[in-house]
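Chemist:
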Amino acid sequence: MWNNENWTNKSLSLQVLLISVFICGCGKADKQGLLPLDLQQAVSLENTKSEIRETVRETDRPLVISVSDRNRVNRPSSNWPQWRGPSRTDISNESGLLRQWPDGDAGPKQLWVSHDAGIGYSGPAVVDGVLYTMGALPLSASGLEEQGGEDAVAEAKEYVIAMDTEAGELLWSSEVGDVFQNNWGNGPRSTPTIDGEFIYALGALGDLVCLEKANGKLVWKRSFTEDFGGEVPNWGYCESVLIDGDHLICTPGGSQGAMAALDKKTGEVIWRSTDFTDGAQYVSMIAIENGGKRQYIQLTQQHLVGIDAKSGNLLWSSDWPGRVAVVPTPIAKGDAVYITSGYGVGCKLLRLDKENQAEEVYANRNMKNHHGGVILLDGHLYGYSDGVGWLCQKFEDGKKVWSEKGELGKGAIAYADDRFYCIGEDDGRVVLIDASSDGWTPRGEFTLSPQTELRKPAGRVWTHPVIIDGRLYLRDQELLHCYDVRQR
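Those letters in the sequence shown? Residues 10 to 497, by the numbering used here.
As C-alpha cells, this is what we get:
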C-alpha cells in the first residue's frame, strides 16, 4: 500500500518522483517512480537542481500534480491537437524531414525517453510545445499483481498527463477516474482533444473531463454510464471526443441515443441521437459537409451513420457487419465515405447524394484493417490488412494496387513529408517507407529501445506514431520516445 506520510518525508530526484503514466513507449519501468495518490490531496512539486520540495494540501478537485515549467522556451508553432491530427487523417504537414534513416538499427537521433506516461494506449496530442496524453498509475511491472494485488487495483487511477516536449519533463497530471483493466492491457485508450485553453479527455470506463490546459484543473466532469446510460465496451471506451464549434460530440452508446452533443463549456447535453441507439464501439468520428448539412460520421458494429450536427437526427444509415471490435476512423473525401474493420470484415465505400442518401460504391475484403489506421493520399489508401500485409488500395474502386507481407508485421501508420512511418505491434520495429503507389520501398528502420516490461501478455505496441515539430513520438505503455527526424 502507498503511504503518503512516508513520501512527504522523503526528498527524491525529479526522475524518481515523476509519475508513470499511460502509453509512453520506451524501455524498462522505474519501479521507484510511482507517486502515491490521494483523492483528497494535491501535491505541488517545484524542481530544484537536485531535489523536490513536496507540499500537501487539501482540495475538492481531482488530484493534480504540477511541475515548474521555468525551462520551457522557444515554443513551436505547429500543433497536433487531437487523435490523428488537426483533420483526423493521420497526415502531418511537416516538411524538411529526413529522406533516409541511417544504416543499421540506429534510426534517427533519440532526443529523450520518458518513463512517465503510465499504463495504456493513449496517443499524444501536442500543442505549443506541450505533449498531452493519458495513462494509469501506479502499476507494477507485472501489471498489478506484484504491487499489492487488489489493493493496488483500488488505488490505481487514470490520468491526463502533460509533458514538456523539449526534454520530456512532467508538467502536471490530473485524475480522470478509476482504471480500466483487461488481459490486453489496463488503462485509458483515447487521445486527449485540445481546444483553446481547455483539454477534453475520456477515460476507458467512460469518465469524461474538461480540464484547464495550463494546469490540469477540473472544469467539469460527466460519466458515459451514469449520466448518459452508456455501457462500457469489452475493451473499454476508446473514442477520442470531437470538438466542433461550441459543442463536444461523443458516443456513449445505448437506448438514450448512441451519440450526444454537449456544451463544451459546461458539459450540459444539447442533443442525443434518439433515432440511432447502437452500442458504442471503438471508433473516433469525423465531421463532414454534404448537401448543405454538417454531419458527424460514426461507425458501430451494426451501422455506418451520418448524424445531423444541429439536431442529432439520423440523416442516413448503411448496414455494417462488424465483428468483435470495430476501430478505424472513417475517411471522407468530397461526397465519398470509406470505412474498414478487421476480423475478416473488409472495407466499403459509399457516396452521398445532395439529399444525403447513401449509395454503396463497393464492398470487398482487400483492406481488413484492425486498428492500425488507414491513410488516404493522392487517391490511394494505405494501411495494414489482416492476412494480406501492408496494402495500397485505390480509393475510387477498392482494387488492390500492391501489398507487402514479409517486411514488417501488423501495425500502425502515419504520414509526413512524402514518407510513411510504420510501426510493428509485435516487436516495436519502426520502418520509414516511400509514400508511393509504386510499391513498398523502405528508407531505413530501427527498433524501439528500451521497451516496456509492463505490457500484458496479450498486449502490443498499439499507439499510433505522431510526427510534429520535426519530431517523431512513439509510445510503448509507460515509455514515450521522442526522435529528431529533421534534415540537417
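Here a beta-carbon is modelled for each residue, glycine too, at the ideal position from N, C-alpha and C.
As the structure is a prediction and not an experimental result, all values here were calculated from the model.
How long is the line joining the alpha carbons of GLU513 and LEU146, rounded to whole angstroms?
Modeler: For residue 513 there is no data in the structure shown, the boundaries of the chain being 10 and 497.
Chemist: Do HIS256 and ASP272 come within 8 Å of each other at the CB atom, strictly closer than that value?
Modeler: Yes; because the gap between Cβ atoms is below 8 Å, this pair is in contact.
Chemist: Counting C-beta neighbours from all protein chains within 10 Å, is the total for ASN299 16 or more, i.e. buried, or is it exposed?
Modeler: Looking at its Cβ environment, which holds 16 or more other Cβ atoms inside 10 Å, ASN299 is buried.
Chemist: As a quick exercise: from ARG484, TRP411 and LEU217, pick the residue whose alpha carbon is nearest that of GLY132.
Modeler: Nearest option by C-alpha distance: ARG484.
Chemist: Cα separation between LYS377 and PHE404?
Modeler: One C-alpha to the other measures close to 14 Å.
Chemist: Using the Cβ count rule (16 or more neighbours within 10 Å means buried), how would you classify GLN486?
Modeler: By the neighbour-count rule (16 or more Cβ atoms within 10 Å), GLN486 is buried.
Chemist: Threshold first: 3 residues or longer. Then list the beta strand (DSSP E) segments lying entirely within the segment 304-356, N to C.
Modeler: Qualifying beta strand (DSSP E) stretches, in chain order: 312-317, 323-328, 340-342 and 345-350.
Chemist: Please report how far the alpha carbon of GLY116 lies from the alpha carbon of GLN91, in whole angstroms.
Modeler: The alpha-carbon atoms of GLY116 and GLN91 are separated by roughly 26 Å.
Chemist: Exposed or buried, which one is ALA467 when buried takes at least 16 other CB atoms within 10 Å?
Modeler: ALA467 is exposed by the Cβ-count criterion.
Chemist: Are the Cβ atoms of VAL397 and VAL335 separated by less than 8 Å?
Modeler: No.
Chemist: Terminal residues of the continuous beta strand (DSSP E) containing CYS259?
Modeler: Looking at the DSSP string, the run of the beta strand (DSSP E) that includes CYS259 is 256-259.
Chemist: Contact check, VAL169 vs GLY129 under 8 Å by CB: the rounded distance?
Modeler: With a Cβ gap of about 11 Å, VAL169 and GLY129 do not count as contacting.
Chemist: Taking all protein chains shown into account, do 16 or more other C-beta atoms lie within 10 angstroms of the C-beta of ASN191, making it buried, or fewer, making it exposed?
Modeler: ASN191 comes out exposed.
Chemist: Is the number of C-beta pairs between the segment 175-195 and the segment 205-212 that are closer than 8 Å three or more?
Modeler: The segment 175-195, when compared against the segment 205-212, does touch it at the 8 Å Cβ threshold.
Chemist: Could you round the C-beta distance between ALA421 and GLY382 to whole angstroms and report it? I think they count as a contact, below 8 Å.
Modeler: Between GLY382 and ALA421 the Cβ distance is about 6 Å, and since that is below 8 Å, they are a contact.
Chemist: Measuring only the C-alpha atoms, how far is TYR393 from TRP399?
Modeler: Distance between the alpha carbons of TYR393 and TRP399: 4 Å.
Chemist: Using CA atoms only, rank isn't needed, just tell me which of ILE316, GLN290, THR275 and ILE295 is closest to THR283.
Modeler: Among ILE316, GLN290, THR275 and ILE295, the Cα nearest to that of THR283 is on ILE316.
Chemist: State yes or no: is the C-beta of LEU417 within less than 8 Å of the C-beta of CYS401?
Modeler: No, the pair does not count as a contact, with Cβ atoms beyond the cut-off.
Chemist: Using DSSP with H/G/I as helix, E/B as strand and the rest coil, what is GLU240?
Modeler: It is coil, neither helix nor strand.
Chemist: Can you list, in chain order, the residues of its chain whose CB lies under 6 Å from that of ALA296, leaving out five sequence neighbours each side?
Modeler: Cβ neighbours of ALA296 beyond the five flanking positions: ASP253 and TYR305.
Chemist: Hey, how far is the Cα of ASP427 from the Cα of TRP449?
Modeler: Near 13 Å, if we compare the C-alpha coordinates of TRP449 and ASP427.
Chemist: Please report the Cβ distance between ASP5 and LEU120, rounded to the nearest whole angstrom; I am assuming they are in contact, meaning their Cβ atoms lie under 8 Å.
Modeler: Since the first residue of the chain shown is 10 and the last is 497, residue 5 is not available in this structure.
Chemist: Closer than 7 Å by C-beta to LYS363: which residues in its own chain qualify, once you throw out the five before and the five after it? Chain order, please.
Modeler: Taken in chain order, the residues that qualify are GLY300.
Chemist: Suppose contacts are defined by Cβ-Cβ distances below 8 Å. Is ARG281 in contact with GLN307 by that definition?
Modeler: No, the Cβ-Cβ distance between ARG281 and GLN307 is not below 8 Å.
Chemist: Using only alpha-carbon positions, find the residue among ALA289, LEU106, TYR391 and PRO339 that is nearest to TRP411.
Modeler: Ranking the options by Cα distance to TRP411, first place goes to TYR391.
Chemist: When burial is assigned at 16 or more other CB atoms within 10 Å of the CB, is GLY113 buried or exposed?
Modeler: The residue in question, GLY113, is exposed, as its Cβ has fewer than 16 Cβ neighbours within 10 Å.
Chemist: I'd like the list of long-range same chain contacts for ARG469, defined as Cβ closer than 8 Å, with 5 residues on each side in sequence excluded.
Modeler: These residues qualify, in order along the chain: GLU434 and ASP435.
Chemist: Which one of ASN365, THR234, GLU240 and PHE207 has the shortest CA to CA distance from LYS222?
Modeler: The option with the nearest alpha carbon to LYS222 is PHE207.
Chemist: Tell whether a beta-carbon distance below 8 Å holds between ALA372 and GLY353.
Modeler: Cβ atoms of ALA372 and GLY353: not closer than 8 Å.
Chemist: Report buried or exposed for ARG97, applying the criterion of at least 16 other Cβ atoms within 10 angstroms of its Cβ.
Modeler: With 16 or more Cβ atoms within 10 Å of its Cβ, ARG97 is classed as buried.
Chemist: For the segment 388-417, which segments carrying the beta strand (DSSP E) assignment without a break, of at least 3 residues, lie completely within its bounds, in sequence order?
Modeler: For the segment 388-417, whole beta strand (DSSP E) runs of length 3 or above, ordered along the chain, are 389-394, 398-403 and 409-413.
Chemist: In three-state DSSP terms, what is ASP78?
Modeler: Reliability of the predicted coordinates at ASP78 is poor, the pLDDT of 39 falling under 50, and no value is obtained from them.
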